[in-house]
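Report on the following structure.
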Amino acid sequence: DGIYCYCSDCEVYSGNTTCLLKPEGKCFTSVELDPDDVECRGNLVPHLTPKTILCCDNFDQCNLKLQPVLRDSPTLRPGYTGSEFYRDNVTQIVLLVSVSVCLIILVITVSFVYLRYKKREERQAGYLEEVEHCDTYIPNGESLRELIDQSQSSGSGSGLPLLVQRTIAKQIHLVKSIGKGRYGEVWKGKWRGENIAVKIFFTTEEASWFRETELYQTVLLRHENILGFIAADIKGTGSWTQLFLITDYHEHGSLYDYLKTYTLDSVDMLRLAHSAACGLSHLHTEIFGTRGKCSDLDYYTITHRIFSTGLSTGF
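Take the sequence shown: its letter number 166 is residue 166 in the UniProt record's numbering, and every next letter is one higher.
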């Protein structure tokens, strides 16, 4: 009732050269360059080994009458083998996947950078708004000398109020670097047109900044022969933190720099010795009402620290 096909492989297994065709099936004959397993496919695709297949289903063993002729695949260029075709397909797939992954990584990176940029802009906008708001704490026209004199006459003599110090620190414009040392870098700065010295400590030297700030803010430490302390603050810009110590600015730099540049006569040497002695005397003078707050060791530390900062006072 069914159609039988000629089957060259059936003889090996059953000793018979025919096989019954299944419904919807077809008998076929194929020819190829190299013997290989024959496989029926639903769609015509280029084979790794070039071959030609002819099919039939009109009578028993009709495939014996078929005579397929091997020809080049129409999808391949002359001299272009099937293995090269598949190799190129794999290359294209790998290239496509690589480009897709790179694009995804690029989009993620750009998005991350953009979000960080927006956050930084928001921080800067908030910082500028805070700086503008800080102007209300220091009236326009007030100079540093006037602010310090007011704090000396009405306060404890330990420097400007903390809020004023933070306001000054936020409004400073750094002009140029004038020195660098173990603990940080010294900059010439401007505040409302006035020259100031800004010592910026390295973030790893926060303990040193804290100690030096604490020494400068000692009660009644300010003196004309001691480097004048103005303010101290920790300034954060979003990306990094800066430890500011703001003092009077001396155009000639440190005493060491001055002595390297200028030759002193006897009068200048006497004035220098007198100013140094006055400063040391003030540091070692006991302040009434502060007994028990500073030991002799503290006074020695203050004296050594103030005179080892590398910044000079006028004489």
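Yeah, the Cβ is synthetic: ideal placement off N, Cα and C, and Gly gets one too. The structure displayed is predicted, hence computed values, not measured ones.
Beta-carbon proximity check, residue i vs residue j, cutoff 8 Å
| i | j | result |
| --- | --- | --- |
| residue 176 | residue 188 | yes |
| residue 5 | residue 18 | yes |
Alpha-carbon spacing of residue i relative to residue j, whole angstroms
| i | j | result |
| --- | --- | --- |
| residue 65 | residue 91 | 41 Å |
| residue 268 | residue 281 | 20 Å |
| residue 118 | residue 252 | 43 Å |
| residue 278 | residue 202 | 32 Å |
| residue 240 | residue 120 | 11 Å |
| residue 195 | residue 212 | 21 Å |
| residue 247 | residue 113 | 38 Å |
| residue 215 | residue 283 | 11 Å |
| residue 265 | residue 122 | 57 Å |
| residue 100 | residue 110 | 15 Å |
| residue 54 | residue 16 | 22 Å |
| residue 94 | residue 106 | 18 Å |
| residue 108 | residue 261 | 57 Å |
| residue 210 | residue 115 | 34 Å |
| residue 69 | residue 51 | 9 Å |
| residue 242 | residue 192 | 21 Å |
| residue 232 | residue 276 | 25 Å |
| residue 104 | residue 98 | 10 Å |
| residue 29 | residue 56 | 9 Å |
| residue 186 | residue 270 | 29 Å |
| residue 36 | residue 89 | Note on residue 36: pLDDT 47, under 50, position unreliable in the model; the coordinate value appears next. Each residue's Cα considered, the two are about 22 Å apart. |
| residue 217 | residue 263 | 34 Å |
| residue 228 | residue 102 | 58 Å |
| residue 184 | residue 230 | 18 Å |
| residue 96 | residue 9 | 42 Å |
Residue from the options with nearest C-alpha to residue i
| i | options | result |
| --- | --- | --- |
| residue 20 | 2, 110, 269 | 2 |
| residue 169 | 234, 100, 54, 56 | 234 |
| residue 182 | 199, 174, 171, 192 | 199 |
| residue 171 | 180, 96, 244, 25 | 244 |
| residue 273 | 22, 225, 8 | 225 |
| residue 58 | 25, 67, 30 | 25 |
| residue 22 | 60, 106, 96 | 60 |
| residue 67 | 276, 173, 31 | 31 |
| residue 62 | 185, 270, 271, 7 | 7 |
| residue 173 | 179, 180, 197 | 197 |
| residue 285 | 222, 230, 227, 89 | 222 |
| residue 179 | 250, 228, 230, 102 | 250 |
| Okay, do the region 254 to 270 and the region 198 to 213 touch, 3+ Cβ pairs below 8 Å being the bar? | With a cut-off of 8 Å, the region 198 to 213 and the region 254 to 270 do not count as touching, because too few Cβ pairs lie within range.
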